[in-house]
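Undergrad: Numbering (this note's numbering), first residue to last: 2 to 523.
1. For a test of the three-state rule: what should DSSP assign to residue 19, helix, strand or coil?
2. Would you mind stating whether residue 322 and residue 411 have Cβ atoms separated by less than 7 Å?
3. Along the chain, which unbroken stretches of the alpha helix (DSSP H) at least 4 residues long are found entirely within the region 256-298?
4. Can you tell me whether residue 417 is buried or exposed? The criterion is at least 16 other CB atoms within 10 Å of its CB, across all chains shown.
5. Out of 109, 285, 195, which has the shortest C-alpha to C-alpha gap to residue 466?
6. If we count the other Cβ atoms within 10 Å of its Cβ and call it buried at 16 or more, is residue 235 buried or exposed?
7. Starting from the C-beta of residue 448, find all residues in its chain whose C-beta is less than 6 Å away, skip the five residues before and the five after it, and write them out in chain order.
8. Which residue from 389, 403, 328 puts its Cα closest to that of residue 354?
9. Taking the Cβ atom as the reference point for each residue, do residue 116 and residue 79 lie within a distance shorter than 7 Å?
10. Just to confirm the assignment, what range does the alpha helix (DSSP H) spanning residue 161 have?
11. What residue from 61, 442, 347 has the CA that sits closest to residue 129's CA?
12. In chain order, what are the residue ranges of uninterrupted alpha helix (DSSP H) at least 4 long that sit wholly in the region 390-441?
13. Work out the CA separation of residue 213 and residue 20 for me, nearest whole Å.
14. Going by other Cβ atoms of all chains shown within 10 Å of its Cβ, with 16 needed for buried, is residue 146 buried or exposed?
15. Using 7 Å as the threshold, is the C-beta distance between residue 224 and residue 102 below it?
16. At what residue ranges does the region 457-482 contain a whole run of the beta strand (DSSP E), taking only runs of 3 or more?
17. State the DSSP-derived secondary structure class of residue 219, mapped to helix, strand or coil.
18. Quick check: what's the CA-CA separation for residue 199 versus residue 143?
19. By the DSSP assignment, the alpha helix (DSSP H) with residue 202 in it spans what residues?
20. At what residues does the alpha helix (DSSP H) containing residue 126 begin and finish?
21. Roughly how many whole angstroms lie between the Cα atoms of residue 340 and residue 402?
22. Where does the unbroken alpha helix (DSSP H) through residue 89 begin, and where does it stop?
23. Rounded to the nearest angstrom, what separates residue 255 and residue 221 at their Cα positions?
24. Give the range of the alpha helix (DSSP H) segment to which residue 361 is assigned.
25. Just how far apart, CA to CA, sit residue 229 and residue 96?
26. Roughly how many angstroms lie between the CA atoms of residue 239 and residue 50, to the nearest whole one?
27. Of the choices 460, 211, 179, whose alpha-carbon is the least far from that of residue 46?
28. Taking the CB atoms as reference points, tell me whether residue 397 and residue 172 lie closer together than 7 Å.
29. Tell me the rounded alpha-carbon separation between residue 316 and residue 309.
30. Please report the straight-line C-alpha distance between residue 298 and residue 38, rounded to a whole angstrom.
31. What residue does the alpha helix (DSSP H) around residue 233 start on, and which one ends it?
32. Only counting the same chain, and skipping five residues up and downstream in sequence, which positions put a Cβ closer than 6 Å to that of residue 334?
33. Thinking C-alpha only, which one of 105, 453, 114 is nearest residue 216?
34. Residue 324: which of 362, 244, 385 sits nearest, CA to CA?
35. Quick one: what's got a C-beta closer than 8 Å to residue 370's C-beta in the same chain, skipping five residues either side?
36. For the region 266-280 against the region 427-441, are there 3 or more C-beta pairs whose distance is under 8 Å?
Structure, rendered in structure tokens:
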């Protein structure tokens, strides 16, 4: 059994952070979450080579090349089809995690990565742009599943005092994946024309490592007890993930949740949307997941080179400037990971979205003014860095963590389908529309992202309660109390309006005075 590991967090000691917990967090994030970040950025540096491949293939097939608009459309499809696959993956994740479990889903879906890697790796040899697009689509399916199941798995195996810490590990690896794509995309490594198929297909390496090691670790204890009713396997899993710790309290908390769900099976998406008891949780998941993508971060990742080129950065320096932003992503992710249990979920999201909104506005003004003030081009790069840092500190990972925390076991898979599907729809919208938005609105397009970021920050601050160091039942009770208070306020308001109306006709006033006088008589 793994020995207890004690890690300092903001001057304190975190108990119960075991080697098994860390290993699962790193393996699932390394082989799944990191691939999402890698595939977001991998099409950035070889864009010229991919477009040239599309054009040459069309020339050999049809005797003429593609027009500029058609080539832009095909490349935009190559970029955004990843999000279409992600949407499909997010829609089927509920069925998969219910049937195969959390860990089982992660392990079984690795086959998608091997298929996609093969398609993209051999696309040039086969002279088939369709293989590139199909490969991107399949990697999107895998990422759509992974973005939901990995935080769900980590959230369920973590003790409540470490749920935030472990929940943000995937976001660090997403940043690491982006950084890896930026580094490997340098001309000195895989950035040459002959290497771009290998560059796209290298994702199979971390997935192979994950496939060899992750099956040795247990399934989620909550899944084993609440959904499979296997007490023995639950105890075994908890002993694996905990060290020198009394697991009885955790089992009792799970059984309490199990008893509350005795007459309720896993909800469908439709039933989740119709359930009035979780309407604020559902609305919150909708807002933060849409806001996460419409914040403009994918526009930054997909088209970083173009943004820096428009900012006036010399072409030979752009790949290195882009790679430098990857370091910022990892550092910001680490800051969020090591402060979430002290600052809480709300402040990381509010601070991150606010920072992104300010920096998005800054990009607009610096790009406008750089024709008059040359130093503004460097401020625009600082704004790009600020957007990336703000995103990685909170909005990159906290929405997935909060989605797990706001719902009970029966509602959680459907909640991830709702959040994940909206996340990917927004991802596709930004990836496909941004090039055309940039052409039509120019520098002002970033003001759209700024307004969205600031709106989401206000919503999170006003509506979503702090969930750190609370059990799933306690969080559910917090929202139940919120619903009860709001219903009481609505009833009081209705009664008040009725009183005013009746008083206006001089009816209730007499009756109320009679009632008071009669009630005063012994």
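Think of the CB as a built atom: it goes at the ideal place given N, C-alpha and C, for glycine as much as any other residue.
Owing to the predicted nature of the structure, the values given are computational and were not obtained by experimental measurement.
TA: By the coordinates alone:
1. strand
2. no
3. 270-275, 280-295
4. buried
5. 285
6. buried
7. 365
8. 389
9. no
10. From DSSP, residue 161 is part of no alpha helix (DSSP H); its letter is neither H nor E.
11. 61
12. 399-406
13. 18 Å
14. buried
15. yes
16. none
17. coil
18. 19 Å
19. 197-202
20. 124-127
21. 15 Å
22. 69-101
23. 12 Å
24. 346-370
25. 15 Å
26. 50 Å
27. 179
28. yes
29. 9 Å
30. 12 Å
31. 232-242
32. 172, 173, 176, 393
33. 105
34. 385
35. 377
36. no
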